[in-house]
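**Student:** Residue 1 is where the sequence shown starts when you use UniProt numbering, and the numbers rise one by one after that.
Even glycine gets a Cβ: it sits at the ideal position worked out from N, Cα and C.
Computed from a prediction, not measured in an experiment: that's the story for all the values here.
Let me begin by handing over the structure; questions about it come next.
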Amino acid sequence: MIRLRRRLAILGAVLALGYGAGFAAFLAQVPTQAATDSTTTEAIVVLTGGRQRLSTGLKLQAQGLAKRVFISGVNPDVEPEELASFGPLGKAQIDCCVVLGYAAANTLGNAAETAAWVRAAQVHSIRLVTAAYHMPRSLFELRRAAPDLTIIPHPVFPPGYPEGAGVRSDGMVLLLSEYHKLLRAWARALLRPGEA
């Protein structure tokens, strides 16, 4: 009985250390500064989830960092014309250069939807726009779905999670939630390696 308890205690300690080390590795992957890379790409991909992501993606296109914009996970009720209120693009630019993806309902869906679009559009490089805390999981899922795609991360910093702030106690719940989602994604990749 004592041996069993000792083994369980050791196992618990190893699991706790592994969990803590994994969380530290996750935090190291969460960007704390805005992207400074001005390399142009063939497209900008925006994962919906906040007005700031959309406005950032459209501004980047207006700055000439890519000609096309793909927005993944758009609400089915949103029409392309409504995008004019999010950024500097006019109707003609939106009609020519912005594609809305309505299929995705989560990050895994974003990756699948984006991978399908880049294949169909013959796009080989993108600038990925999403929240900083969401970037590690987004990159993980997208690299599984489109392994040959060149991706430049472009994090945005939502209100309450300012650039350069690092890890704050008021953001810890969100970061832990995102870490748990990433753990599930890693587990899915280990258990079903052929599926993206």
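Just mark Gly90 as buried or exposed, buried being the case when its beta carbon has 16 or more other beta carbons within 10 Å.
**Tutor:** exposed
**Student:** Using a Cβ-Cβ cut-off of 7 angstroms (strictly less than) and excluding sequence neighbours within five positions of Cys97, which residues of its own chain qualify?
**Tutor:** Only Gln61, Lys67, Arg68, Val69 meet the Cβ criterion.
**Student:** Figure out for me which residue from Tyr102, Arg119, Pro155, Ile94 has the closest Cα to the Cα of Asp77.
**Tutor:** Tyr102
**Student:** What separation, rounded to the nearest whole angstrom, lies between the Cα atoms of Val46 and Met172?
**Tutor:** Rounded to whole angstroms, the gap between the alpha carbons of Val46 and Met172 is 24 angstroms.
**Student:** Return the chain-ordered list of same chain residues with a C-beta closer than 6 angstroms to the C-beta of Ile94, the five sequence neighbours on each side being excluded.
**Tutor:** Pro80, Leu83
**Student:** Taking the alpha helix (DSSP H) that Arg143 belongs to, which residues open and close that run?
**Tutor:** For Arg143, the enclosing alpha helix (DSSP H) covers residues 135-145.
**Student:** Between which two residues does the beta strand (DSSP E) containing Ala185 stretch?
**Tutor:** No beta strand (DSSP E) contains Ala185, which is instead part of the alpha helix (DSSP H) from 172-191.
**Student:** Which whole-angstrom value describes the C-beta separation of Ala185 and Glu113, a residue pair presumed to lie in contact below a C-beta threshold of 8 angstroms?
**Tutor:** Between Glu113 and Ala185 the Cβ distance is about 16 angstroms, and since that is not below 8 angstroms, they are no contact.
**Student:** Tell me the rounded alpha-carbon separation between Met135 and Ala187.
**Tutor:** In a straight line, the C-alpha of Met135 is about 18 angstroms away from that of Ala187.
**Student:** From Ala146, Ala121, Ala28, Ser85, pick the residue whose C-alpha is nearest to that of Ala132; which is it?
**Tutor:** Shortest Cα-Cα distance from Ala132 to any of Ala146, Ala121, Ala28, Ser85 involves Ala28.
**Student:** Suppose you measure from the CA of Ile44 to the CA of Leu191; what does that come to, to the nearest Å?
**Tutor:** 31 angstroms
**Student:** Just to check my reading of the structure: Glu42 and His124 have Cβ atoms closer than 8 angstroms, yes? What is that Cβ distance to the nearest angstrom?
**Tutor:** 6 angstroms
**Student:** Whole beta strand (DSSP E) runs in the stretch 70-110 with 3 or more residues, listed along the chain?
**Tutor:** 98-101, all fully within the stretch 70-110.
**Student:** Ends of the alpha helix (DSSP H) at Tyr56?
**Tutor:** Rather than Tyr, the amino acid found at residue 56 in this sequence is Thr. Looking at the DSSP string, the run of the alpha helix (DSSP H) that includes Thr56 is 51-62.
**Student:** Can you grab the Cα-Cα spacing for the pair Ala111 / Thr48, in whole Å?
**Tutor:** 12 angstroms
**Student:** Look at Pro158 and Gly50 and say whether their C-beta atoms are less than 8 angstroms apart.
**Tutor:** Cβ atoms of Pro158 and Gly50: closer than 8 angstroms.
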